[in-house]
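**Q**
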Amino acid sequence: MASGFLKDLYAREPRLDAGKSVSLYPIKIRVLDAGNQVGDLAGKYPVEVEGQNSLLIDIPVSGGKMQLRYCPQVLSKKEVSKISGLFLQLLGQLKLSTDRDIGRYTMLVEEDAAKISSWNNTGFSYDRSQCVHRLIEQQVAQSPDVMACRFENQRISFHELNQRANQLARLLVDEGVCVGDLVGIMLNRSINMLVALIAVHKAGAAYVPLDPVYPRARLQYMVEDSGLKVLLQEEATDGIALCSNAKALCIEQQAARLAAYPGGNLNRAVGADALAYVIYTSGSTGKPKGVMVEHGSVVNFFVGMDQRIEPGPGVWLAVTSISFDISVLELFWTLARGFTVLLYADALRQKTSNTPAALEVAGSQFASRPARHMHNEAAAPALEFGLFYWNVATEESEYDNDKYKLLLDSARYADQHGFNAVWTPERHFASFGGLYPNPSVTSAALATITTHVALRAGSCVVPLHSPIRIAEEWSVVDNLSRGRVGISIAAGWAPPDFAIKPENFDDAKNIMFESAQQVQKLWRGETLEFPGPNGSIKVRTLPRPIQNELPLWVTTAGNIDSFKRAGEIGANVLTHLLGQTIEEVAGKVKAYREAWQKAGHGGRGVITVMLHTFAGQDQQQVEGLVREPM
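All letters in the sequence shown, in the order written, are residues 0 to 629 by numbering that gives the first Met the number 0.
1) To the nearest angstrom, how far is it from the Cα of E528 to the Cα of K520?
2) DSSP state of M146, grouped into three classes?
3) With three or more beta-carbon pairs closer than 8 Å as the criterion, would you say the segment 537–549 touches the segment 573–580?
4) Figure out for me which residue from V476, E513, L479 and P462 has the closest Cα to the Cα of P494.
5) What would DSSP say about Y69, mapped onto helix, strand or coil?
6) Should I469 go down as buried or exposed, given a rule of 16 or more other Cβ atoms within 10 Å for buried?
7) For Y31 versus L54, is the C-beta distance shorter than 8 Å?
8) How close, in whole Å, do the beta carbons of I278 and V269 come, if the pair is a contact with beta carbons under 8 Å?
9) Keeping to the same chain, check which residues put their C-beta closer than 6 Å to that of H427; ignore five residues upstream and five downstream.
10) For D224, which option in N244, A444 and E502 has the closest C-alpha, if you only look at C-alpha atoms?
11) Among G313, N264, V302 and F323, which residue has its Cα nearest to the Cα of S281?
12) Output the boundary residues of the beta strand (DSSP E) element that contains V484.
13) Are the beta-carbon atoms belonging to L181 and L227 less than 8 Å from one another?
14) Would you report the Cα separation of N152 and W595, rounded to the nearest angstrom?
15) Exposed or buried, what is S80 when buried is set at 16 or more other beta-carbons lying within 10 Å of its beta-carbon?
16) Considering only the alpha carbon of each residue, which of W118, G63, R336 and T236 lies closest to R215?
17) Would you list the one or two residues that DSSP bridges to T574?
18) Measure the alpha-carbon distance for Q232 versus R256 and round it to whole angstroms.
19) With H, G and I counted as helix, E and B as strand and the rest as coil, what does DSSP make of D399?
20) Near G38, which residues of its chain fall below 7 Å by C-beta distance, leaving aside the five closest residues on each side in sequence?
21) Rounded to the nearest angstrom, how far is the Cβ of N165 from that of G263, given a contact under 8 Å?
22) If you run the structure through DSSP and keep just helix, strand and coil, what is S225?
23) When you compare the segment 532–540 with the segment 549–568, are there three or more beta-carbon pairs, one atom per stretch, that lie closer than 8 Å?
24) Can you tell me whether W118 is buried or exposed, with buried defined as 16 or more other CB within 10 angstroms of its CB?
25) Exposed or buried, R523, counting other C-beta atoms within 10 Å across all chains shown (16 or more means buried)?
26) Buried or exposed: R626, going by 16 or more other Cβ atoms within 10 Å of its Cβ?
27) Does the segment 199–208 come close enough to the segment 139–156 that 3 or more CB-CB pairs lie under 8 Å?
28) With DSSP as the reference, please indicate the residues paired to C177 in a beta bridge.
29) Which first and last residues belong to the alpha helix (DSSP H) in which G295 is found?
30) Given 8 Å as the limit, is there contact between the segment 104–116 and the segment 75–95, that is, 3 or more CB pairs closer than that?
31) Which runs of the beta strand (DSSP E) spanning at least 3 residues fall entirely within the segment 522–607, listed in chain order?
32) At 4 residues or longer, and completely inside the segment 74–150: list those alpha helix (DSSP H) runs for me, N to C.
33) Grab me the residues of T526's own chain with a C-beta within less than 6 Å of its C-beta, minus the 5 sequence neighbours each way, in chain order.
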């Protein structure tokens with residue numbers, strides 16, 4: 000991961016790339032024998048790194064001086080003196096005593112050791128006897144009439160939320176729930192769900208989230224493994240029959256009983272060491288495992304969040320399933336700090352929503368760019384709009400049987416309403432963008448249901464593929480779409496992605512440009528030679544595409560060198576505004592235009608900018624719609 004991080008850092012900050020040939024691990028240590036030659040001991044210290052070294056350390060075995068040689072373009076004299084001081088610190092300790100393992104000595108001077116110690120001095124004084132529900136009760140006393148939660152068209156105040164939770168807690172106690180018991184929560188996201196979570200704590204029990212979208216076999220396993228005392232359900236989930244000794248209670252069917260209970264606090268004896276919840280892992284390494292979290296740990300987390308996030312009042316959008324720990328922040332920390340929780344609907348409710356805006360906006364980005372053929376410098380270029388897609392593939396969405404509904408429906412909408420392009424990315428082995436491992440496949444699917452909109456890869460991670468396959472696959476899509484494809488090329492940065500082609504990781508950027516050039520030649524119908532099992536093989540790809548030239552973009556997160564290189568080769572640019580200001584982008588666009596013109600290309604090139612966007616006809620209405628979720 001270190002190499003991937005450094006490569007990404009170098010790519011985003013060209014100033015760090017001093018000399019281009021500097022190794023990512025630029026230190027070499029040589030152990031010298033008595034004649035100042037590299038001796039046999041060197042093999043016992045395999046710390047050498049290939050490539051140019053920013054720092055060379057010669058350590059003599061007997062007598063002589065240790066020497067530090069450095070590259071002044073990378074390290075300053077002051078920095079090398081600092082490194083030298085670390086060795087002197089170590090030698091000073093060795094003079095006093097040599098009877099300890101080497102790892103017991105420190106190279107840190109007192110000042111640096113104190114600084115590191117101060118960084119880790121995160122101790123904080125707070126009431127360690129508190130429980131989650133007690134903190135919420137304190138907030139209820141401070142702001143009883145403030146809205147605690149909003150779900151769709153339903154609203155509930157802190158006072159009413161606390162009252163309903165107390166009533167349900169008394170019902171649970173009457174059903175035999177004792178301190179330390181486990182109560183299953185199989186409820187769709189709603190105010191009832193929030194009431195149930197708090198009620199379980201008030202009863203002294205811990206909750207076990209059972210997401211209704213999970214497969215029945217998994218739910219059954221969690222119920223049996225946890226040994227639930229009570230299972231809280233609702234009519235919508237009552238049909239999920241689970242074999243269990245737990246008593247199943249349907250919330251809606253308990254309305255009369257609940258109304259008869261008093262709404263005051265129970266004040267049940269629950270300590271900070273009592274369990275607050277048990278969340279089961281994904282089971283990716285075997286069977287799911289229940290992770291037990293105590294009230295004290297949750298309260299400690301709250302204290303930590305207080306130092307990072309300004310407490311309420313305010314409005315907090317809660318989107319995470321209660322099967323994941325971050326929901327504790329979104330639901331409990333917020334209520335304990337006086338926020339109004341805006342509870343986002345679950346996946347099942349989203350699918351049946353009649354709100355078109357939810358379908359057209361959730362999980363997508365708009366991509367905007369100047370019109371392709373607009374070259375009048377005097378006139379402000381018109382903007383064309385497209386759709387760009389990402390998603391966060393949660394454990395919940397893994398069991399969604401209609402994962403691509405948003406993509407297909409919104410692509411049809413874009414095709415019918417004059418949008419310029421639909422872009423799909425390439426992502427591997429990570430939840431972010433997890434629905435999109437291959438943009439040629441998604442574009443092929445869209446080619447069969449659209450007739451006008453362009454279909455583009457944003458991006459194709461070129462070093463992960465053979466240029467032959469890229470040319471072949473996108474030529475198929477070009478034919479299916481009757482000449483509507485385009486691709487943006489990216490070098491890739493995440494080391495796990497290169498499980499596909501590990502040999503290309505170290506030189507990914509150069510391979511990207513070289514392979515892209517090969518793809519373009521193959522696209523034009525040229526014959527190229529590639530290595531085969533018995534020598535070179537001449538390759539001319541089929542089918543032949545509709546377009547004579549493959550429209551090409553270069554994806555960049557802000558590296559000005561990438562802007563310039565794109566201009567030099569006559570490619571367009573795909574970028575975004577994360578980590579760079581509009582003014583910074585303007586300077587990079589200027590450099591791109593200059594490189595474009597210097598290379599003798601016609602026109603000006605195209606800049607495509609990815610923007611999280613909500614479009615509407617009335618500014619006031621749009622601001623009202625986006626204020627809470629954004």
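Note that the Cβ used here is the ideal one computed from N, Cα and C, for glycine as well.
**A** Checking against the coordinates, here is how it stands:
1) 12 Å
2) strand
3) no
4) P462
5) strand
6) buried
7) One point to set straight first is that residue 31 is Leu, not Tyr, in the sequence displayed. Taking 8 Å as the Cβ cut-off, L31 and L54 do not qualify as a contacting pair.
8) Their Cβ separation, rounded to whole angstroms, is 19 Å, which puts I278 and V269 out of contact at 8 Å.
9) P436 and D496
10) N244
11) F323
12) V484 to A489
13) yes
14) 54 Å
15) exposed
16) T236
17) V608
18) 16 Å
19) coil
20) Per-residue confidence for G38 stands at a pLDDT of 46, beneath the threshold of 50, marking its modelled position as unreliable; the derived number appears in the next sentence. If we look at G38 and ignore the five residues flanking it on each side, its Cβ neighbours are V30, L31, D32 and V60.
21) 6 Å
22) helix
23) no
24) exposed
25) exposed
26) exposed
27) no
28) BP columns for C177 are empty, so no partner.
29) H294 to D305
30) yes
31) 527–531, 534–538, 551–554 and 571–575
32) 76–95, 109–118 and 131–141
33) K537 and R539
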